[in-house]
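Engineer: After the structure tokens below, expect a handful of questions from me.
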Amino acid sequence: MVESSYKRFSYYLLLLPALILYLSIILFPIGMSSVLSLTKWKNFQMVGFIGLGNYVKLFADPGFLRALWNNVQIMLISVLGQIPLGIILAYVLYRKFVKGFKFYEMMIFMPITISSVVVALLWNRIFSPVGIYTYFVKWLTGNPDYVMRISESPYFAMVPLLFVLLWMHTSLYMVMFLANMQRIPKSSLEAAKMDGASESVILWRIVLPALANVIFTSSIFAISGSLKSFDLVFAMTGGGPVDYTNVMSIYLYKHTFTYNNYGYGSAVSLVIVILSVGLISLGRALYGQFQKKFD
Amino acid sequence: MIKSLSKAVLLTAVFLLAFGTSVFASGAQETADEGIVLSTYLQIDPANPQQAGYVEMQAAFEASRPDITFQHEYATGEAFHQKFQAMVASRELPDVFTTYIGKRTAYVTETGNAMDLNEYLTDDFKNQFSAATWEAQGPNGEIYTIAPSMAVCHSMYVNTTLLDELGLDIPETYEELLAQVEPIRAAGYYPVSMGNKDQWVVNSWLLSAFVDRMGGKEWFSKAMVGDASFTEPPFVKSLGFVSEMVEKNVFSPGVNQMSNTEADQEFYQQKSVYLIDAGWRTSAMVTSLPQEQQDAIEMIVFPALPGEVSPNSSAAVLSEGFGINSKLSGTPEGQAAFDFIAYYTGKEGSEIRLSTGEIPTFKLDYSGMDLPGLQMKYAQFQQDHPMGYVIDSKMDGEGMGLLNPDIQAMMFGNITPAEVAERYEAWVVENDSNRMK
Chain A
0 MVESSYKRFS YYLLLLPALI LYLSIILFPI GMSSVLSLTK WKNFQMVGFI GLGNYVKLFA
60 DPGFLRALWN NVQIMLISVL GQIPLGIILA YVLYRKFVKG FKFYEMMIFM PITISSVVVA
120 LLWNRIFSPV GIYTYFVKWL TGNPDYVMRI SESPYFAMVP LLFVLLWMHT SLYMVMFLAN
180 MQRIPKSSLE AAKMDGASES VILWRIVLPA LANVIFTSSI FAISGSLKSF DLVFAMTGGG
240 PVDYTNVMSI YLYKHTFTYN NYGYGSAVSL VIVILSVGLI SLGRALYGQF QKKFD
Chain B
0 MIKSLSKAVL LTAVFLLAFG TSVFASGAQE TADEGIVLST YLQIDPANPQ QAGYVEMQAA
60 FEASRPDITF QHEYATGEAF HQKFQAMVAS RELPDVFTTY IGKRTAYVTE TGNAMDLNEY
120 LTDDFKNQFS AATWEAQGPN GEIYTIAPSM AVCHSMYVNT TLLDELGLDI PETYEELLAQ
180 VEPIRAAGYY PVSMGNKDQW VVNSWLLSAF VDRMGGKEWF SKAMVGDASF TEPPFVKSLG
240 FVSEMVEKNV FSPGVNQMSN TEADQEFYQQ KSVYLIDAGW RTSAMVTSLP QEQQDAIEMI
300 VFPALPGEVS PNSSAAVLSE GFGINSKLSG TPEGQAAFDF IAYYTGKEGS EIRLSTGEIP
360 TFKLDYSGMD LPGLQMKYAQ FQQDHPMGYV IDSKMDGEGM GLLNPDIQAM MFGNITPAEV
420 AERYEAWVVE NDSNRMK
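Quick mapping for you: the protein sequence lines, in order, are chains A and B.
Reading the first sequence from the start, the letters are residues 0 to 294 in numbering that gives the first Met the number 0.
Reading the second sequence from the start, the letters are residues 0 to 436 in numbering that gives the first Met the number 0.
Rendered as structure tokens:
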């Protein structure tokens, strides 16, 4: 009895630091944000409680809705672009369809090792009106006024950014998938080949089911990463031109730190948290259904 | 087992507490022995060659006042403001910090954290500076910082070599400028370089000057407080000129995708005839362009606009300076901090800063000074042109977050000048602090 009390006490004692950390760096800020999101600020001072006023303003603001849509686009390119492409690249390397496996692995992995700001500067140097790509097209077409007009379009301004995001992050998923593919027992593949299975059958029937867990985990990374996208977008476009490439975190940053509206900024941050948790929970539920079906 | 673990945890905690206390205690003792110690947080990049004047001034001041020791912290751009805001929120402000005169650091100046320097300012001291330096910075005539220089936010730089090559003259009117577009483009050059990727550039460096030309300071002051409206002709017509310049190919392509550094490079590489930029760009030109090219650059204001009421004007704002933590009021540290600011903005600091390209607000005798030609042109430019307001230094920053993107949308042809004005006026009516007074 005494020993059991000691055990329980020691568990609580050992748990305490983690609990304090969790409460102070996760739950406390979320709680504070929730309270702040109900307040109005002006010139760095709280001027009163306005209930759900910030949320009403938020969802009526076309600027926020555009930022939200841009985040959805990033999420789509992450989940439907980076992950499938990562699987394909990993499979090509895993099955050694190309010579120089190590070289390709290194080259594909390289973009993720570079800082987002450097990547943004690099691609800015390429796409800018005085950049390499623009210069090349001017030379090729003889049109001295050529610039990438797609960046000035309210409908397509995100395309260059999505391209860079695809270029940069696919490699991370590729490495994760490749590592997991290498854990698939070789005997399964050999048996399949002996039975005359084609590459597509091997991919669909053996490799992908074995990767189901990691695909799910990667999707969670992709969704949460997409909703908090900031560094690359901020360094590459700053949300412009106009607000065509604005994302929620830049919108949040501007309202909180440039305009000092902490109440409104907190409302945005809470919406981001709710969306992240909601989407991840939805993904988890879908994965649960998927597992049930295959079990 | 549990007992010995508890003892170990307790002992570790006691040790950490004792160690921490001894470290902080010894730190306080050291600083107390060093005379006056001033902590700073300044928006300066000491490694930037353009800020050589500050570095030199700092060294000279430290040599002249060995009784003052500095604990410096530097940052630039948004990183500076982010941390500064956190400092204000936690009431952990340094003794001396960078302060703006307009709205940019309202979170310090309007929250009682910056000392009103009037307690140190004598008439003799003030008379040594240009009168604009002492425009009230707070609602009760407070002076939070002594502006070390004027930031001229509109200048048109002319490459006279290209102009001569094309057989053209410096345009005196807007129509003459438009008429030059075709011959300049036919010769393979761009007429005007300007980089508005950062959104505020067209507002600060072009629209502000246009609004002053079309309405003057008096109209703008009325519009600020609601006695006039931003939907009136001075503002709408000014936006209209920007829009027309885009339509008539005055700017080099991709003006809204180009950073102002890239636009500068385009002009430096002699691909464009004119550059619209700030007046302080001369210091970069002096250090980076060959003398022959510098000699061929003229500084003018934008040509005369049809219907203008304030001819020949540019737009300017007093540049940021250093403020003092209000907690130091009446203390020796406060006096030492003011001595530093007075040195920086006064004769000694001004002479040093002038030598590195800055035109000070302190009245210096320029005769007999051996200054680069472009720098003299900039000093002359400030004397020759009346200066209107810079919109974003007078109006709330949040409104700029609406106006600046709308200017870009207008330049893409997605919204009209009247719509930009209407949207901005509607925001100002509801939100701008100038209208709430």
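Ideal Cβ positions, reconstructed from N, Cα and C, are used throughout, including at glycine.
1) Any contact of the segment 291-299 of chain B with the segment 367-385 of chain B, i.e. 3+ C-beta pairs under 8 Å?
2) Would you mind reading off the limits of the alpha helix (DSSP H) that contains N324 of chain B?
3) Return the bridge partner residues of V199 of chain A from the DSSP annotation.
4) With DSSP as the reference, identify every bridge partner of M386 of chain B, one or two as the case may be.
5) What residues in its chain sit with their C-beta under 7 Å from that of Q198 of chain B, if we drop five residues either side in the sequence?
6) If S318 of chain B sits next to M149 of chain B, beta carbons under 8 Å apart, how far is it from one beta carbon to the other, in whole angstroms?
7) Nearest-angstrom Cα distance between V22 of chain B and Y99 of chain B?
8) 8 Å is my cut-off, CB to CB: does P416 of chain B come that close to chain A?
9) Could you tell me the boundaries of the beta strand (DSSP E) in which V118 of chain A lies?
10) I need the DSSP call for G214 of chain B, collapsed to helix, strand or coil.
11) I believe E437 of chain B touches G194 of chain B by the beta-carbon criterion, under 8 Å. Please report the beta-carbon distance rounded to the nearest angstrom.
12) With DSSP collapsed to three states, give me the class of I299 of chain B.
13) Quick test of your reading: N324 of chain B and P93 of chain B, contact by CB under 8 Å. State the CB separation rounded to the nearest angstrom.
14) By the 9 Å beta-carbon criterion, what residues does the segment 168-196 of chain A contribute toward chain B?
15) May I ask which residues mark the beginning and end of the beta strand (DSSP E) holding M155 of chain B?
16) Using the Cβ count rule (16 or more neighbours within 10 Å means buried), how would you classify Q28 of chain B?
17) So, for N69 of chain A: in the same chain, excluding its five sequence neighbours on each side, which residues have a beta-carbon less than 7 Å away from its beta-carbon?
18) Compute the beta-carbon to beta-carbon distance between P233 of chain B and V210 of chain B, rounded to the nearest angstrom, for a pair I have assumed lies under 8 Å.
19) For M257 of chain B, return the contacting residues in chain A, with the cut-off set at a CB-CB distance below 8 Å.
20) Can you list the beta strand (DSSP E) stretches of 3 or more residues lying completely in the segment 114-190 of chain B, in chain order?
21) Does any CB atom of chain A fall closer than 8 Å to the CB of Y106 of chain B?
22) Helix, strand or coil for P65 of chain B, going by three-state DSSP, please let me know.
23) Which residue's Cα is closest to the Cα of Y103 of chain A: A:L92, A:T112, A:S187 and A:V55?
24) If we define contact as Cβ-Cβ less than 8 Å, is N259 of chain A a contact residue for chain B?
25) Given a limit of 8 Å on CB to CB distance, which residues of the segment 133-164 of chain A reach chain B?
26) From the DSSP secondary-structure annotation, give me the bridge partner or partners of M314 of chain A.
27) For A31 of chain B, count the other beta carbons within 10 Å of its own beta carbon; 16 or more makes it buried, fewer makes it exposed. Which is it?
28) Contact between the segment 221-230 of chain B and the segment 159-173 of chain B: three or more CB pairs below 8 Å?
29) Check each candidate in B:Q264, B:D163 and B:G111 and name the one with the smallest Cα separation from R90 of chain B.
30) If I measure Cβ to Cβ from V449 of chain B and keep anything under 8 Å in the same chain, skipping five residues before and after, which residues do I get?
31) What are the uninterrupted segments assigned as alpha helix (DSSP H) that are 4 or more residues long and contained completely in the segment 247-276 of chain B, given in chain order?
32) With a cut-off of 8 Å, does the C-beta of K253 of chain A fall near any C-beta of chain B?
33) Following the continuous alpha helix (DSSP H) through S354 of chain B, name the residue where it begins and the one where it ends.
34) Cutting at 7 Å between CB atoms, please list the residues of its own chain near L35 of chain A, excluding the five before and the five after it.
35) Report yes if the CB atom of V419 of chain B is closer than 8 Å to the CB atom of M409 of chain B, and no otherwise.
36) Relative to the alpha-carbon of I76 of chain A, which residue among A:Q181, A:R65 and A:S225 has its alpha-carbon at the smallest distance?
Structural biologist: From the atom records:
1) Taking one beta carbon from each stretch, the segment 291-299 of chain B and the segment 367-385 of chain B have 3 or more pairs nearer than 8 Å; the two touch.
2) Counting from 1 along the second sequence, the entry for residue 324 of chain B is found at position 325. No alpha helix (DSSP H) contains N324 of chain B, which DSSP labels as neither H nor E.
3) The residue given as residue 199 of chain A occupies position 200 in the first sequence. A small correction: the amino acid at residue 199 of chain A is Ser; Val does not occupy that position in the sequence shown. In the DSSP assignment, S199 of chain A forms no beta bridge with any residue.
4) The residue given as residue 386 of chain B occupies position 387 in the second sequence. Note: M386 of chain B sits in a beta bridge opposite B:S313.
5) Position 199 of the second sequence holds residue 198 of chain B. Result list for Q198 of chain B: N403, P404 and Q407, in chain order.
6) Indexing the second sequence from 1 puts residue 318 of chain B at position 319. Indexing the second sequence from 1 puts residue 149 of chain B at position 150. That pair is a contact at about 7 Å.
7) Taking the first residue of the second sequence as 1, we reach residue 22 of chain B at position 23. Taking the first residue of the second sequence as 1, we reach residue 99 of chain B at position 100. Low per-residue confidence applies at V22 of chain B: pLDDT is 42, beneath 50, and the placement is therefore not dependable, though the value from the model is reported in the following sentence. Looking at the two C-alpha atoms, the distance is approximately 36 Å.
8) The residue you call residue 416 of chain B lines up with position 417 of the second sequence. Chain A has no Cβ within less than 8 Å of the Cβ of P416 of chain B.
9) Position 119 of the first sequence, counting from 1, holds the residue named residue 118 of chain A. No beta strand (DSSP E) holds V118 of chain A; the alpha helix (DSSP H) holding it covers S115 to F126.
10) In the second sequence, residue 214 of chain B corresponds to position 215, counting from 1. Note: G214 of chain B maps to helix in three-state DSSP.
11) Because chain B is modelled from 0 through 436, residue 437 of chain B falls outside the range shown and cannot be assessed.
12) Residue mapping note: residue 299 of chain B aligns to position 300 of the second sequence, counting from 1. Here I299 of chain B carries a strand assignment [DSSP, helix/strand/coil].
13) Taking the second sequence and counting its residues from 1, the one referred to as residue 324 of chain B is at position 325. Taking the second sequence and counting its residues from 1, the one referred to as residue 93 of chain B is at position 94. Right, the Cβ-Cβ distance comes to about 7 Å (below 8 Å), so this counts as a contact.
14) Answer in chain order: no residues at all.
15) Residue 155 of chain B sits at position 156 when you count from the first residue of the second sequence. Residues S154 to N158.
16) Numbered from 1 along the second sequence, position 29 holds the residue referred to as residue 28 of chain B. Only weak support exists for where Q28 of chain B lies, its pLDDT of 38 falling under 50; the coordinates are left without a value.
17) Start at 1 with the first residue of the first sequence, and residue 69 of chain A comes out as number 70. Apart from sequence neighbours up to five positions away, the residues of its chain that approach N69 of chain A with a beta-carbon distance below 7 Å are M157, T244, N245 and V246, ordered along the chain.
18) Position 234 of the second sequence holds residue 233 of chain B. Position 211 of the second sequence holds residue 210 of chain B. That pair is a contact at about 6 Å.
19) The sequence position of residue 257 of chain B within the second sequence is 258, counting from 1. Residues of chain A passing the Cβ test: S127, P128 and V129.
20) You should have 149-151 and 154-158.
21) In the second sequence, counting from the first residue as 1, residue 106 of chain B sits at position 107. Output row for Y106 of chain B: interface = yes.
22) Taking the first residue of the second sequence as position 1, residue 65 of chain B is located at position 66. In this structure, P65 of chain B counts as coil in the three-state DSSP scheme.
23) As a position in the first sequence, residue 103 of chain A is number 104, starting the count at 1. Of A:L92, A:T112, A:S187 and A:V55, the smallest CA-CA separation from Y103 of chain A is found for A:L92.
24) Counting from 1 along the first sequence, the entry for residue 259 of chain A is found at position 260. Chain B contact via Cβ: present.
25) Those would be T133, P143, D144, Y145, V146, M147, S150, E151 and P153, in chain order.
26) The structure shown does not extend to residue 314 of chain A, since chain A is modelled only from 0 through 294, so no value can be given for it.
27) Position 32 of the second sequence, counted from the start, is the residue given in the question as residue 31 of chain B. In this predicted model, A31 of chain B has a pLDDT of only 46, less than 50, meaning its place in the structure is not dependable; the value taken from the coordinates is given anyway. By the 10 Å Cβ count, A31 of chain B comes out exposed.
28) These segments do not touch.
29) Numbered from its first residue, the second sequence carries residue 90 of chain B at position 91. Among B:Q264, B:D163 and B:G111, the Cα nearest to that of R90 of chain B is on B:G111.
30) One cannot answer for residue 449 of chain B here, as it falls past the ends of chain B, which runs 0 to 436.
31) As far as the segment 247-276 of chain B is concerned, its whole alpha helix (DSSP H) runs of at least 4 residues are 259-267.
32) Counted from its first residue, the first sequence places residue 253 of chain A at position 254. Closer than 8 Å: yes.
33) For this step, residue 354 of chain B is matched to residue 355 along the second sequence. Residues K346 to S354.
34) On the first sequence, position 36 is the one that residue 35 of chain A refers to. Closer than 7 Å at the Cβ level, and outside the excluded window around L35 of chain A, lie Y261, G262 and S265.
35) One-based indexing of the second sequence puts residue 419 of chain B at position 420. One-based indexing of the second sequence puts residue 409 of chain B at position 410. By the CB criterion at 8 Å, V419 of chain B and M409 of chain B fall inside the cutoff.
36) As a working note, residue 76 of chain A is residue 77 in the first sequence. When only C-alpha atoms are compared, the closest one is A:S225.
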